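**Q** Here full-length UniProt numbering is used: the first residue of the sequence shown is 1, the next is one more, and so on.
Don't be surprised by glycine CBs; every beta carbon is placed ideally from N, CA and C.
Fair warning: this is a prediction, and the values are worked out from it, not measured in the lab.
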Amino acid sequence: MNKFTLQDRTKKFHIAVIQLCETLPKNAAAYEIAKQLIRSAGSVGANYRAACRAKSRTDFIYKIKVVLEEADESLYWLEILTATRIVTSTMASTLINEAKELVLIFNATDKTAKDNLSKSKNP
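Rendered as structure tokens:
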């Protein structure tokens, strides 16, 4: 998967999260969760784009860690929405699966980047 495909995928994830949040009930709990979820999902895409423009390998690793944290936070909020039955698991299952895949992708990216940095320091 190239960086442009992943940039598009993270943008689509954010859009899908916004669309899900538009369907949430109008109460305090749903509002607060939606606010957190939209923020973290948006941060995945925005910070991945920033990582693609990193100034160094170290900068890239730092930014990918932020992306990984935000993807995992998005997963957390999606799980909370289903655990509290604010949404059905059917409604959130596609987004939960996508969040899990993004966590795995960015975790692997972080590990590879760290390994490559280590190899370049110890030839």
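#1: Do residue 99 and residue 78 have their CB atoms nearer than 8 Å?
#2: Assign residue 104 to one of two classes, buried (16 or more other C-beta atoms within 10 Å of its C-beta) or exposed (fewer than that).
#3: Which one of 101, 24, 112 has the shortest CA to CA distance from residue 74?
#4: Answer yes or no: do residue 48 and residue 17 have a C-beta to C-beta separation smaller than 8 Å?
#5: Quick one: is residue 40 buried, meaning 16 or more other Cβ sit within 10 Å of its Cβ, or exposed?
#6: Would you tell me roughly how many angstroms separate the C-alpha atoms of residue 111 and residue 88, rounded to the nearest one?
**A** Short version:
#1: yes
#2: exposed
#3: 101
#4: no
#5: buried
#6: 34 Å
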